[in-house]
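*Asks:* So that we are looking at the same thing, I have put the structure below in structure tokens.
There are 2 protein chains.
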Amino acid sequence: MITPSSASSPSPGPTAVGIPDTASAVGDDAEALARATWSRLAEPADAHACALVGRLGATAALDWLVHEALDADGAPRPAPRPPLRPRGDAARASSDWATAAGRWAPRLQGLDIRRELEVLERLGGSLLIPTDPWWPTGLNDLERPPHCLWVRGDPALLAARSSAESGGSETDLAAPRMREDLVPAGPGAGYGLALVGARASTDYGEHVTFDLASGLAAKGVVVISGGAFGIDAAAHRGALRAGATVSVSAGGVDRLYPAGNTDVLEEVIANGALVAEVPPGCQPGRHRFLTRNRLIAAMSEATVVVEAAWRSGALSTAHHALELGRAVGAVPGPVTSMASVGCHRLLRQGAVCVTDADEALELVTPLGATDPDGAKAADPANAVSGLLDGLDGPTAAVLDALPARADAGVESIARAAGLSEREAIAALGVLELAGRVERRGTAWRRARKRS
Amino acid sequence: MITPSSASSPSPGPTAVGIPDTASAVGDDAEALARATWSRLAEPADAHACALVGRLGATAALDWLVHEALDADGAPRPAPRPPLRPRGDAARASSDWATAAGRWAPRLQGLDIRRELEVLERLGGSLLIPTDPWWPTGLNDLERPPHCLWVRGDPALLAARSSAESGGSETDLAAPRMREDLVPAGPGAGYGLALVGARASTDYGEHVTFDLASGLAAKGVVVISGGAFGIDAAAHRGALRAGATVSVSAGGVDRLYPAGNTDVLEEVIANGALVAEVPPGCQPGRHRFLTRNRLIAAMSEATVVVEAAWRSGALSTAHHALELGRAVGAVPGPVTSMASVGCHRLLRQGAVCVTDADEALELVTPLGATDPDGAKAADPANAVSGLLDGLDGPTAAVLDALPARADAGVESIARAAGLSEREAIAALGVLELAGRVERRGTAWRRARKRS
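Heads up: the protein sequence lines correspond to chains A and B, in order. For the first sequence, counting from 1, position 329 maps to 329 in full-length UniProt numbering; every step adds exactly one. For the second sequence, counting from 1, position 203 maps to 203 in full-length UniProt numbering; every step adds exactly one.
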């Protein structure tokens, strides 16, 4: 991590502001500078840039670009050596890479990423890369992850809960503060949940969002949203009332966009975190909103849509979450309200119906209390109630019938639950959609949190 | 069928009003009289009465009661010969049957079912038994079916659509009018759909119900409900606006209950049908409402709940429908409305989110247009749009990927749909809940309507 305020930061990396010439920096800092540079060179989710940085590392990727793909004048060579082993037609691959280099070359001219880092420093921000302990590891599930994150506010709020658990922070006094240390203690402490929805929201939607967000934040959940008008703003406001929130920006974190949300975004920076994958100075262009949505979904353990029209950016966030295997919830509303049409569409697609904070919490903590590796698996009563909250009848019976740590076939599940196989399968489908069970071949088991 | 108005009735059975002495009547009429008698002797869903009548026939069941279970004075014998082969302890079975006979004996004293039939005749009604062509065959799926139905209004509206199809009514000029002949032509013609909900409904719920019911009735669906205040009444009113409706009463059809709904119930009798499993004179007691709900669910090919509190009789109807393998839908509402809590509960249990008449219609006609045996499988364009209406993304892709008339494994479905197996299974779960696909062992196929 590169941060201008090392005094308040127990990060392992030294404070540094470097230059994209990889020869002048070493180790993590060189990689951080190179990643920052890539975040400026390539648009978010650029397939070639993501593959290149992901496979070679940012420094070597930059080296390839400067020394292989471009000539001495910085112009793209027509047939560069492909940096990755080409699949199929090597000539075709070479020309694809030439095209990609052609996209990046114009931004390389005169680029010194230290300027953007200085802007970040003046704003009190910090830069996160995947090797940092606060990197939201959920982003690693993306096919095209961001190269780095530009952060204002407290970067520790970005750390996924699972990182903290595997890091053993409870015994290591030198370990950095993690997300759980910054949020109210509660059943959701340290989990991230996206609460998103329409800009053209109704009073009903904003009211429900505010209540959901404050209820979740009070239980320790970090509420993640997009800083837009309407539902997003209500989510941030509700979360700030009771706990922590993270806003993912489509443009640089120096731009508080939209201007009408300046007050809430300033409060997010003061008491939460504002984050972007593009450097300061970048405009929140339309295409960046769509790619931004994948970050919201990936940083969150579940996504809940409160209000959405038939076509809505919030639905794209929900679909990213589904693609990532994350739980998706939708808040119902009057069928006469156009602002709820998208939510009802999601419900018809299998999203979980969410009507209050407890039901939303279930999406992220279905097995939290029973995780055999977790220190919090304390109270068996809580475990059972947590497991079965909000489930009913056959679904609860099926979940109950699943052995705690082994696989089971449909036939034995149905027998144990006292249901027909058909009913058991239907219930398993519901439980799978809710992220509570996993299928392995023809067997089923209770879902485990990713480590 | 026993009907007082043979002039308007092309029923095969002669008009008759008989007596419970089985020796004095022959064939169907004797059985009809005996069934009518049983509907007076035993409470709805009496397990012993249903088993007895179902296995022996009503006439023989009555014969056993009069000659074996009771002595010459009409008092129960302490150890009657069990009428059905006892499982396990024969002595225990005998004493159970003595208890049952003890329940029925008091009502047999002085009973002449002809009196109730005369009341029915004065009201212009008719009696249906399972062998009648208008018998709603969906009732046969019940573990404890009614012995008969006491009907005011047009009994042809009770005939399930599938009966008409198997009866070949199009060529047989002497065949009775069936349900399809009485409703508007349309994609739902002749299907029965239960539209039920809270008595303590909101303006929102009543408004949505009225629109759903009139939309469904206009497409030929027979809207079935319970005649109660609130959602039920709105369902009947909406259906009467555009087509046909059936009201299932918890008490005798001579009582228009609740009195405040007299106007709409009279309109139901005039333009639809009012039906009960108990004879005229029976009070609509509390327990009869719960047993009545199983009739609504069984007579309908799907049940949609519009508004329901956390505990609501409408939920019992929905659970009966689920038990019967019928599709269940729920209409969402504001999460701030207590009247929608039960609907949201159903949605969390896997009910299909229904927001308009087309989505409700899908529950009963998922494959109507593509039924290979049906004469209405006319327009392939309609077929495809009917199949995929309201589905989206992976769910539509999976339904599309299923071969038309063969089984397919998850792997091949996933491959054809371009999805991961996990996504395909989740979509299959949703489709199964919606009654659109069926699982056979490890293979899946498109659901076929029951014949």
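For glycine and all other residues, C-beta sits at the position ideal for the given N, C-alpha and C.
(1) Should A25 (chain A) be labelled buried (16 or more other beta-carbon atoms within 10 Å of its own) or exposed?
(2) Quick one: residues in its chain with C-beta nearer than 6 Å to the C-beta of A427 (chain B), no 5 flanking neighbours on either side, listed in chain order?
(3) Are there three or more Cβ pairs, one per stretch, closer than 8 Å when the stretch 83 to 91 of chain A is compared with the stretch 105 to 123 of chain A?
(4) Check each residue of the stretch 324 to 335 of chain B: if its Cβ is closer than 8 Å to any Cβ of chain A, include it; give the result in chain order.
(5) Does the CB of H320 (chain A) have a neighbour CB from chain B at under 8 Å?
(6) Going by CA-CA distance only, name the one from A:L402, A:V222 and A:G197 that's closest to R241 (chain A).
(7) Quick check: is the beta carbon of R440 (chain A) nearer than 8 Å to any beta carbon in chain B?
(8) Within the stretch 305 to 350 of chain A, note down every full alpha helix (DSSP H) run reaching 4 residues or more, in order along the chain.
(9) Assuming E438 (chain B) is part of the beta strand (DSSP E), what are its boundary residues?
(10) I need the boundaries of the alpha helix (DSSP H) containing G238 (chain A), first residue and last residue.
(11) With a cut-off of 8 Å on the beta carbons, I'd call A414 (chain B) and A424 (chain B) a contact; round off their distance for me.
(12) Look up G153 (chain B) in the DSSP assignment and say whether it is helix, strand or coil.
(13) Just checking R35 (chain A) against the ligand FMN - is the residue's beta carbon closer than 7 Å to any of the ligand's heavy atoms?
(14) Quick check: A404 (chain A) and A443 (chain A), are their CB atoms within less than 8 Å of each other?
(15) Would you give the residue range spanned by the alpha helix (DSSP H) that W64 (chain A) belongs to?
(16) With C-beta atoms as the reference, is V264 (chain A) less than 8 Å away from T303 (chain A)?
(17) Could you list which residues in chain B have their beta carbon closer than 8 Å to that of I425 (chain A), in chain order?
(18) Taking the C-alpha atoms as reference points, what is the distance between A339 (chain A) and V364 (chain B)?
(19) To which residues does DSSP link I224 (chain B) through a beta bridge?
(20) Distance check for L120 (chain B) and I19 (chain B), CA to CA, integer angstroms please.
(21) Rounded to a whole number of angstroms, what is the C-alpha to C-alpha distance between V278 (chain B) and S39 (chain B)?
(22) Hey, could you find the ends of the beta strand (DSSP E) L128 (chain A) is sitting in?
(23) Measuring CA to CA, which of A:R177, A:G220, A:R35 and A:L361 is closest to P133 (chain A)?
(24) Take E432 (chain B) and list the residues in its own chain whose beta-carbon comes closer than 6 Å to its own, dropping the five residues that flank it on each side.
(25) Using only CA atoms, which one of A:A270, A:T245, A:G285 and A:A273 lies nearest to I258 (chain A)?
(26) Would you mind stating whether A314 (chain B) and A321 (chain B) have Cβ atoms separated by less than 8 Å?
(27) Please confirm if D389 (chain B) has its CB atom under 8 Å from at least one CB of chain A.
(28) Cα separation between R152 (chain A) and S201 (chain A)?
(29) Determine, using beta carbons only, whether L347 (chain A) comes closer than 8 Å to chain B.
(30) Taking the beta strand (DSSP E) that W444 (chain A) belongs to, which residues open and close that run?
(31) In chain order, what residues of the stretch 180 to 207 of chain B put their CB closer than 8 Å to some CB of chain A?
(32) Keeping to the same chain, check which residues put their C-beta closer than 6 Å to that of residue 454 (chain B); ignore five residues upstream and five downstream.
(33) Counting contacts by CB-CB distance shorter than 8 Å, is V352 (chain B) in contact with chain A?
(34) Mind pulling the chain B residues with CB within less than 8 Å of D356 (chain A)?
(35) Answer yes or no: do G192 (chain A) and M299 (chain A) have a C-beta to C-beta separation smaller than 8 Å?
(36) For chain A, is any of its Cβ atoms less than 8 Å away from the one on T303 (chain B)?
*Replies:* Quick look at the numbers:
(1) The residue given as residue 25 (chain A) occupies position 25 in the first sequence. Model confidence at A25 (chain A) stands at a pLDDT of 46, short of 50, so the residue's coordinates are unreliable and nothing is read from them.
(2) One-based indexing of the second sequence puts residue 427 (chain B) at position 427. Closer than 6 Å at the Cβ level, and outside the excluded window around A427 (chain B), lie P394, T395 and V398.
(3) no
(4) G325, V331, P332, G333, P334 and V335
(5) For the purposes of this step, residue 320 (chain A) is identified with residue 320 of the first sequence, where counting begins at 1. Not an interface residue.
(6) For the purposes of this step, residue 241 (chain A) is taken as residue 241 along the first sequence, with counting starting at 1. Closest option to R241 (chain A), Cα to Cα, is A:V222.
(7) The sequence position of residue 440 (chain A) within the first sequence is 440, counting from 1. With 8 Å as the cut-off, R440 (chain A) does not count as an interface residue toward chain B.
(8) 313 to 323 and 341 to 348
(9) Numbered from its first residue, the second sequence carries residue 438 (chain B) at position 438. Taken as a continuous stretch (DSSP letters only), the beta strand (DSSP E) holding E438 (chain B) covers V437 to R440.
(10) On the first sequence, position 238 is the one that residue 238 (chain A) refers to. Residues I231 to A242.
(11) Along the second sequence, read from residue 1 onward, the residue named residue 414 (chain B) stands at position 414. Along the second sequence, read from residue 1 onward, the residue named residue 424 (chain B) stands at position 424. The pair is a contact, with the Cβ atoms about 4 Å apart (cut-off 8 Å).
(12) The sequence position of residue 153 (chain B) within the second sequence is 153, counting from 1. Here G153 (chain B) sits in strand by DSSP.
(13) No copy of the ligand FMN occurs in the structure displayed, which carries no ligand at all.
(14) By 1-based counting over the first sequence, the position of residue 404 (chain A) is 404. By 1-based counting over the first sequence, the position of residue 443 (chain A) is 443. Cβ atoms of A404 (chain A) and A443 (chain A): not closer than 8 Å.
(15) Along the first sequence, read from residue 1 onward, the residue named residue 64 (chain A) stands at position 64. Run containing W64 (chain A): A58 to W64, per the alpha helix (DSSP H) assignment.
(16) Position 264 of the first sequence, counted from the first residue, corresponds to residue 264 (chain A). Position 303 of the first sequence, counted from the first residue, corresponds to residue 303 (chain A). Not a contact, by the Cβ cut-off of 8 Å.
(17) Looking up residue 425 (chain A) in the first sequence gives position 425. Those within 8 Å of I425 (chain A) in chain B are G429, E432 and R439.
(18) The residue labelled residue 339 (chain A) in the question sits at position 339 within the first sequence. The residue labelled residue 364 (chain B) in the question sits at position 364 within the second sequence. Distance between the alpha carbons of A339 (chain A) and V364 (chain B): 27 Å.
(19) Against the second sequence, residue 224 (chain B) aligns to sequence position 224. B:A194 and B:V246, per the DSSP bridge assignment.
(20) The count along the second sequence starts at 1 and reaches residue 19 (chain B) at position 19. The count along the second sequence starts at 1 and reaches residue 120 (chain B) at position 120. Model confidence at I19 (chain B) stands at a pLDDT of 35, short of 50, so the residue's coordinates are unreliable and nothing is read from them.
(21) As a first step, residue 278 (chain B) must be located in the second sequence, where it is residue number 278. As a first step, residue 39 (chain B) must be located in the second sequence, where it is residue number 39. Distance between the alpha carbons of V278 (chain B) and S39 (chain B): 6 Å.
(22) Indexing the first sequence from 1 puts residue 128 (chain A) at position 128. S126 to L128 is the span of the beta strand (DSSP E), which, as asked, contains L128 (chain A).
(23) What you label residue 133 (chain A) is simply residue 133 of the first sequence in a count that begins at 1. With distances taken between Cα atoms, P133 (chain A) lies closest to A:R177.
(24) For this step, residue 432 (chain B) is matched to residue 432 along the second sequence. None.
(25) If you number the first sequence from 1, residue 258 (chain A) lands on position 258. The sequence given here places Pro at residue 258 (chain A); Ile does not occur at that position. Closest by alpha carbon: A:G285.
(26) The sequence position of residue 314 (chain B) within the second sequence is 314, counting from 1. The sequence position of residue 321 (chain B) within the second sequence is 321, counting from 1. Not in contact: A314 (chain B) and A321 (chain B) (Cβ atoms no closer than 8 Å).
(27) The count along the second sequence starts at 1 and reaches residue 389 (chain B) at position 389. With a pLDDT of 42 at D389 (chain B), under the threshold of 50, the modelled position of this residue cannot be trusted; read the value that follows with caution. For D389 (chain B), the answer is no, since every Cβ of chain A falls outside 8 Å of its Cβ.
(28) To locate residue 152 (chain A), count along the first sequence from 1; it is residue 152. To locate residue 201 (chain A), count along the first sequence from 1; it is residue 201. Distance between the alpha carbons of R152 (chain A) and S201 (chain A) is about 27 Å.
(29) Residue mapping note: residue 347 (chain A) aligns to position 347 of the first sequence, counting from 1. Cβ-Cβ to chain B under 8 Å: yes for L347 (chain A).
(30) What you label residue 444 (chain A) is simply residue 444 of the first sequence in a count that begins at 1. That run of the beta strand (DSSP E) goes A443 to R446.
(31) Y204 and H207
(32) Only positions 1 to 451 of chain B appear in the structure, and residue 454 (chain B) is not among them; the question remains open.
(33) Position 352 of the second sequence, counted from the start, is the residue given in the question as residue 352 (chain B). At least one chain A Cβ lies under 8 Å of V352 (chain B).
(34) Counted from its first residue, the first sequence places residue 356 (chain A) at position 356. Result: V335.
(35) Taking the first sequence and counting its residues from 1, one reaches residue 192 (chain A) at position 192. Taking the first sequence and counting its residues from 1, one reaches residue 299 (chain A) at position 299. Taking 8 Å as the Cβ cut-off, G192 (chain A) and M299 (chain A) qualify as a contacting pair.
(36) The count along the second sequence starts at 1 and reaches residue 303 (chain B) at position 303. Not one chain A Cβ lies under 8 Å of T303 (chain B).
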